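Position one of the sequence shown corresponds to residue 1 (the UniProt record's numbering), numbered consecutively onward.
Here the structure comes first, spelled out in C-alpha cells, and everything after it is commentary.
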Amino acid sequence: MSDVAPPTALSEVQLRFLCQDDIENVKQLCSDWFPIEYPDSWYQDITSNKKFFSLAATFRGGIVGMIVAEIKGRTKVHKEDGDILSSSFPVDTQVAYILSLGVVKEFRKHGIGSLLLDSLKEHISTTAQDHCKAIYLHVLTTNNTAIHFYENRDFRQHHYLPYYYSIRGVLKDGFTYVLYINGGHPPWTILYPFEKANKTQTNTSVEAFPSPHFILFLIFYVLSLSRVKLGSHRAQQRACKQPIPMKSLCRRV
Numbered sequence: 001m002s003d004v005a006p007p008t009a010l011s012e013v014q015l016r017f018l019c020q021d022d023i024e025n026v027k028q029l030c031s032d033w034f035p036i037e038y039p040d041s042w043y044q045d046i047t048s049n050k051k052f053f054s055l056a057a058t059f060r061g062g063i064v065g066m067i068v069a070e071i072k073g074r075t076k077v078h079k080e081d082g083d084i085l086s087s088s089f090p091v092d093t094q095v096a097y098i099l100s101l102g103v104v105k106e107f108r109k110h111g112i113g114s115l116l117l118d119s120l121k122e123h124i125s126t127t128a129q130d131h132c133k134a135i136y137l138h139v140l141t142t143n144n145t146a147i148h149f150y151e152n153r154d155f156r157q158h159h160y161l162p163y164y165y166s167i168r169g170v171l172k173d174g175f176t177y178v179l180y181i182n183g184g185h186p187p188w189t190i191l192y193p194f195e196k197a198n199k200t201q202t203n204t205s206v207e208a209f210p211s212p213h214f215i216l217f218l219i220f221y222v223l224s225l226s227r228v229k230l231g232s233h234r235a236q237q238r239a240c241k242q243p244i245p246m247k248s249l250c251r252r253v
C-alpha cells in the first residue's frame, strides 16, 4: 500500500462486501485501528453471517476502509442503550448499530469514511425503509478524531458509559452516539426540543428551533404553575389574617 494516497483516491475506490477470504486482512486492519481485541468468532460472523452489513472500500484491490453494522429490533438493544428510542415506537421498530468503521491512515480525509457511512444509510433506506429510526455506536471518550467525525455528520451524544471498555486490563469510559432518522427520537422530555435546537444548524435539513406550538405550551405550563403557587400563597395569607374563634382559644387555654 502506498504511503500517500493520491488526490484522486476516492474516484478509484470500489465497494464490495467482506468475505471469509478477507479475515486475515481484516484482523490486521482492526489491530491497527482499534485498541480492542476481537475473538476469532467475531471475524467469522462479520464475514459470513447475513445479519451483518460488512462493506469494504478497496483501492486497486486492497482494502483501505470498512464498515460493519447490524440492523436489529429496538428490543434487542443492550440494556445500557435501551432508551435510545421512545417506547412509543412499535416493538418491530429497527435500529442500526455500527460495530466498526475504519480507514487506513494514509487514506483518511479523502471522503472514504463518509462514503462507507452513506452506503450504510442507503442500505437501510432500501431494506429497512422507514422502519429503522436510529443509527448508533460506541466510542472511547478519548477518541477525539472519531467523535469529531460523527458529530460533523449529525450524530449526538446520548450516554456517558463509565468503565465501558476493558483495554489490556484497564477500564476505559465510552460514549453512545446516535443519529436519528425517519422521524426517530429518544423518550420525550421537556428539554428535548431545546437539545434538538443545539444540533449543528448549518445542516438545513435539521430543525433549528423548537416548534412554536411547543413554546406556547411551555409558556402556558409555566404560567399555570405560577398561578397555582400564587393562589396557594394567597390562601395561606387569608388563613393567617382570619380571626381565631373564641371556642378555639378556649380549647388552647
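For every residue, glycine included, the Cβ atom is placed at its ideal position computed from N, Cα and C.
Every value quoted in this text rests on a predicted model; they were computed, and no experiment measured them.
Coil, strand or helix - residue i by DSSP
{"i": "residue 51", "result": "coil"}
{"i": "residue 59", "result": "strand"}
{"i": "residue 93", "result": "coil"}
{"i": "residue 173", "result": "strand"}
{"i": "residue 224", "result": "helix"}
{"i": "residue 147", "result": "helix"}
{"i": "residue 17", "result": "strand"}
{"i": "residue 134", "result": "strand"}
{"i": "residue 254", "result": "The first residue shown for the chain is 1 and the last is 253, placing residue 254 beyond what the model contains."}
{"i": "residue 201", "result": "Bear in mind that the predicted position of residue 201 carries a pLDDT of just 46, short of 50, making it too unreliable to give a figure here."}
{"i": "residue 70", "result": "strand"}
{"i": "residue 41", "result": "helix"}
{"i": "residue 98", "result": "strand"}
Extent of the continuous alpha helix (DSSP H) run through residue i
{"i": "residue 113", "result": "112 to 127"}
{"i": "residue 27", "result": "23 to 33"}
{"i": "residue 10", "result": "9 to 12"}
Residue burial classification, residue i (beta-carbon count within 10 angstroms, cutoff 16)
{"i": "residue 132", "result": "buried"}
{"i": "residue 104", "result": "buried"}
{"i": "residue 47", "result": "buried"}
{"i": "residue 30", "result": "buried"}
{"i": "residue 207", "result": "Reliability fails at residue 207, whose pLDDT of 40 lies under 50, so the model's placement of it is uncertain and no value is given."}
{"i": "residue 117", "result": "buried"}
{"i": "residue 219", "result": "exposed"}
{"i": "residue 62", "result": "exposed"}
{"i": "residue 91", "result": "exposed"}
{"i": "residue 223", "result": "exposed"}
{"i": "residue 160", "result": "exposed"}
{"i": "residue 184", "result": "buried"}
{"i": "residue 21", "result": "exposed"}
{"i": "residue 5", "result": "buried"}
Same chain, Cβ closer than 7 Å to residue i, neighbours up to 5 away in sequence not counted
{"i": "residue 180", "result": "133 and 134"}
{"i": "residue 167", "result": "35 and 36"}
{"i": "residue 128", "result": "71 and 94"}
{"i": "residue 19", "result": "47"}
Residues of its chain near residue i, where Cβ-Cβ distance is below 6 Å and the 5 sequence neighbours each way are ignored
{"i": "residue 74", "result": "85, 93 and 95"}
{"i": "residue 164", "result": "174"}
{"i": "residue 187", "result": "83 and 86"}
{"i": "residue 78", "result": "none"}
{"i": "residue 33", "result": "102"}
Same chain only: Cβ atoms within 8 Å of residue i, ignoring 5 sequence neighbours per side
{"i": "residue 124", "result": "71, 96, 132, 135 and 181"}
{"i": "residue 58", "result": "13, 14, 15, 16 and 64"}
{"i": "residue 149", "result": "113"}
{"i": "residue 120", "result": "53, 55, 67, 69, 96, 98 and 135"}
Where the beta strand (DSSP E) containing residue i begins and where it ends
{"i": "residue 158", "result": "156 to 167"}
Using 8 Å as the Cβ pair cut-off and three pairs as the minimum, do the segment 48 to 67 and the segment 96 to 116 touch? yes
Can you confirm whether the segment 171 to 178 touches the segment 135 to 150 when touching is taken to mean that 3 or more C-beta pairs between the two stretches lie within less than 8 Å? yes
Taking three-plus beta-carbon pairs below 8 Å as touching, is the segment 40 to 48 in contact with the segment 20 to 27? Judged by Cβ distances under 8 Å, the segment 40 to 48 makes contact with the segment 20 to 27, as three or more pairs qualify.
Would you check if the segment 102 to 121 and the segment 81 to 89 touch, i.e. whether three or more CB-CB distances between them fall below 8 Å? The segment 81 to 89, when compared against the segment 102 to 121, does not touch it at the 8 Å Cβ threshold.
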